[in-house]
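I have placed the structure first, in the form of structure tokens, so that the comments after it can refer back to it.
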Amino acid sequence: MPPGTLEIALLIGQALMKYGPDVARQIQLLFTKTNPTAADWEVVFALSEKTYDQFVAPLSKLP
Amino acid sequence: MNKKILTPFAAAIAIAACLFLISTTPGCNTPQRTAYVAVGVTQSLAVGAMNGWGDWVRAGRATDADQVAVRQAWERYQGAVRVAHSVELSLQTSIATTDPVWLQVTAAVGASSDELIALIKSLTSTPKPITPGT
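Read top to bottom, the protein sequences are chains A and B. Going by this note's numbering, 1074 is the number at position 56 of the first sequence; the sequence numbering is gapless. Going by this note's numbering, 37 is the number at position 10 of the second sequence; the sequence numbering is gapless.
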């Protein structure tokens, strides 16, 4: 087992319990990128492009 | 709801743990990767907190004042991320986790993320009556 694997698993497990599967999956994916490309960076920065109103919109209006 | 939100301290620990883990993983400790994971984890935690806040609002538990405060904190966070994005675009492959400009902008992102998460945590830790129709 590579060094740090257990700690990464624990971190992802903690994110899973505290934030749910979507956030845990996002964090897990970050660790799989050994050489992040410009496209990978764009995906990370795009996470916060959502407006406040989109976060609090009624479920029926969510895409 | 509260289980979806890390305390700022726990978030800081998580980010520090990420940096430590990346830096101690042989063959994977490029400055680009360290910066990428640090920003990515911060983004994921902030967006996770906002998703939880959305649930809280939809449940009718947020006051108008609460919503104004969180909206402003989110917009401050977005501003800090936009600055970090522009710096990342200018540095590209020369990005270094010891670069003073990069350190400054990522510190601003971390601080605004901590502020946002702490605010949401404080607003959701006190039970409020559900107001139907909100």
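For glycine and all other residues, C-beta sits at the position ideal for the given N, C-alpha and C.
Going by CA-CA distance only, name the one from the options that's closest to residue i.
i                      : options                           : result
residue 105 of chain B : B:140, B:149, B:64 and B:65       : B:140
residue 108 of chain B : B:71, B:152 and B:153             : B:71
residue 117 of chain B : A:1056, A:1074, A:1065 and A:1078 : A:1056
residue 99 of chain B  : B:85, B:110 and B:77              : B:77
residue 150 of chain B : B:65, B:87 and B:129              : B:87
CB residue i to CB residue j, shorter than 7 angstroms?
i                      : j                       : result
residue 75 of chain B  : residue 1041 of chain A : yes
residue 114 of chain B : residue 136 of chain B  : no
residue 63 of chain B  : residue 1054 of chain A : yes
residue 68 of chain B  : residue 1030 of chain A : no
residue 73 of chain B  : residue 143 of chain B  : yes
residue 95 of chain B  : residue 80 of chain B   : no
residue 1 of chain B   : residue 1049 of chain A : Only positions 28 to 161 of chain B appear in this structure, which leaves residue 1 of chain B out of reach.
residue 89 of chain B  : residue 83 of chain B   : yes
residue 101 of chain B : residue 1037 of chain A : no
residue 58 of chain B  : residue 134 of chain B  : no
With a threshold of 7 angstroms between beta-carbons, can residue i be considered close to chain E, or not?
i                     : result
residue 67 of chain B : This model lacks chain E altogether, as its protein chains are A and B.
Thinking residue i and residue j are a contact (beta carbons under 8 angstroms), I'd like their distance in whole angstroms, please.
i                      : j                       : result
residue 103 of chain B : residue 1076 of chain A : Incorrect: roughly 25 angstroms between the Cβ atoms, too far for contact.
Chain B contacts made by the stretch 1066-1081 of chain A, where a contact means CB separation under 7 angstroms:
Result list: 1066, 1070, 1073, 1074, 1076 and 1077.
Residues within the stretch 124-158 of chain B neighbouring chain A, beta-carbon criterion of under 7 angstroms:
So the list is empty, because no residue satisfies the distance condition.
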